[in-house]
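For the sequence shown, our numbering gives the first residue as 2, with consecutive numbering after it.
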Amino acid sequence: MHFVIMGCGRVGSTLAISLERQGHDVAVVDQEESAFRRLGSGFEGRRVTGVGFDRDTLIDAGIQQAYAFAAVSSGDNSNILAARVARETFGVEHVVARIYDPGRAEVYQRLGIPTVATVKWTADQMLRRLLPQGHVPEFTDPSGKVVLAEVPVNGAWVGRRITDLEDASGGRVAFLTRLGSGMLPGPDTVYQEGDLLHVATLADELPQVERVLDSAPQPAEA
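Here you go:
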C-alpha cells in the first residue's frame, strides 16, 4: 500500500522507516530538503520537497493512490489543513494528524480527523491509525490468544448501538474514545462519528471482526 507522510522530523522519519520495513510504499513531504537526512541512505521511498497542504505537492507524493496520510509536521494548523485536504479533496479515507495543543483535539475530532497529541504520542499509536486490520494491536495477552485492538468502523454504523456492533462482529468493545476522552459503553451507548473503538477479541478472529465493522451493516431480514 502507498502511504504519504507530511513532516520529516523524528516522528515522520520513524513512521516512514517503519512502514517501509513492513513492505509498504512511502512518500515523505517536507519543506526543508535537509530534513530527509533523517531517513538515511537506505530509505527507498519518495522524498518530496514542498508545502504539505499544497495540492501539487501532494499529487507529486502520490496522494491520489494513497491508502493513508499522516500529518506530523511541527505546526498544528499545517497538520490539520493538510489532513483536511487529503481527506476532502483527494478522498483519502485513513488520515491522522499530530497536534501539540490537546485542547484542539475536540475541534479536530468533530471534523472527523483522528488526532494524536504530542504528550501521548508513540510510534505504535500513529501506526494503529494508519495500518488496516490490527497490524499493531494495542495489547496481546501473554499466551497470544487475546488481543485488544483499535478497529476501524464504517461510517454507516453511525447511530447504531455499540451492542449492535458487538453482535454483528463477535468482538467485545472494551472501551471507546470520544472527543479525546475514554469511556466505557453501556447497553444504550450509540456509536457516533469520530468515535474510536477498542475491541477485545481472539487474535485469530480479529481480521473477521475488522472486516465486519469496516463494512456497512447488513440489512435486517424481513
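Think of the CB as a built atom: it goes at the ideal place given N, C-alpha and C, for glycine as much as any other residue.
Closest residue to Gly43 among Phe54, Gly51, Asp31 and Val27 (Cα-Cα distance): Selected option, being the one with the closest Cα: Val27.
Would you kindly check if the distance between the Cβ of Ala169 and the Cβ of Val200 is under 8 Å? Result no, Cβ atoms of Val200 and Ala169 do not sit closer than 8 Å.
Can you tell me whether Pro115 is buried or exposed? The criterion is at least 16 other CB atoms within 10 Å of its CB, across all chains shown. buried
Along the chain, where does the beta strand (DSSP E) containing Ile6 start, and where does it finish? His3 to Met7
Return the first residue and the last residue of the beta strand (DSSP E) that Thr178 is part of. Arg173 to Arg179
If you draw a straight line from the C-alpha of Phe54 to the C-alpha of Asp77, how long is it? 12 Å
Beta-carbon spacing of Ala67, Met7 below 8 Å: Their beta carbons are not under 8 Å apart, which means Ala67 does not touch Met7 by this criterion.
Name, in chain order, the residues that DSSP records as bridge partners for Arg48. Bridge partners of Arg48: Val29.
Are Arg56 and Val29 closer than 8 Å when you measure CB to CB? no
Can you tell me whether DSSP reads Phe70 as helix, strand or coil? strand
Can you give me the Cβ contacts of Ser161 inside the same chain, cut-off strictly under 6 Å, excluding the 5 residues immediately before and after it? For the sequence presented, residue 161 should be read as Arg rather than Ser. Answer for Arg161: Tyr192, listed in chain order.
Using the Cα positions of Ala98 and Ser79, report the straight-line distance between them to the nearest angstrom. 9 Å
Considering only C-alpha positions, which residue in the set Pro188, Glu194 and Gly51 is nearest to Gln32? Gly51
Is the Cβ-Cβ distance between Asp196 and Thr178 less than 8 Å? yes
Kindly indicate which residue of Ala62, Ile163, Arg212 and Pro218 has the alpha-carbon position closest to the one of Asp189. Ile163
Where does Pro186 land, buried or exposed, given buried means 16+ other C-beta within 10 angstroms? buried
For the beta strand (DSSP E) that Ser182 lies in, which residues bound it at each end? Per DSSP, Ser182 belongs to the beta strand (DSSP E) from Ser182 to Met184.
Do Ala62 and Val5 have their C-beta atoms closer together than 8 Å? The Cβ atoms of Ala62 and Val5 lie closer than 8 Å to each other.
Can you look up Arg161 in the DSSP assignment and give me helix, strand or coil? coil
CB-CB under 6 Å to Val120, same chain, minus the five flanking residues each way: which ones, in chain order? Note that Val120 scores 45 on pLDDT, short of 50, meaning its location in the model is unreliable and no value can be drawn from it.
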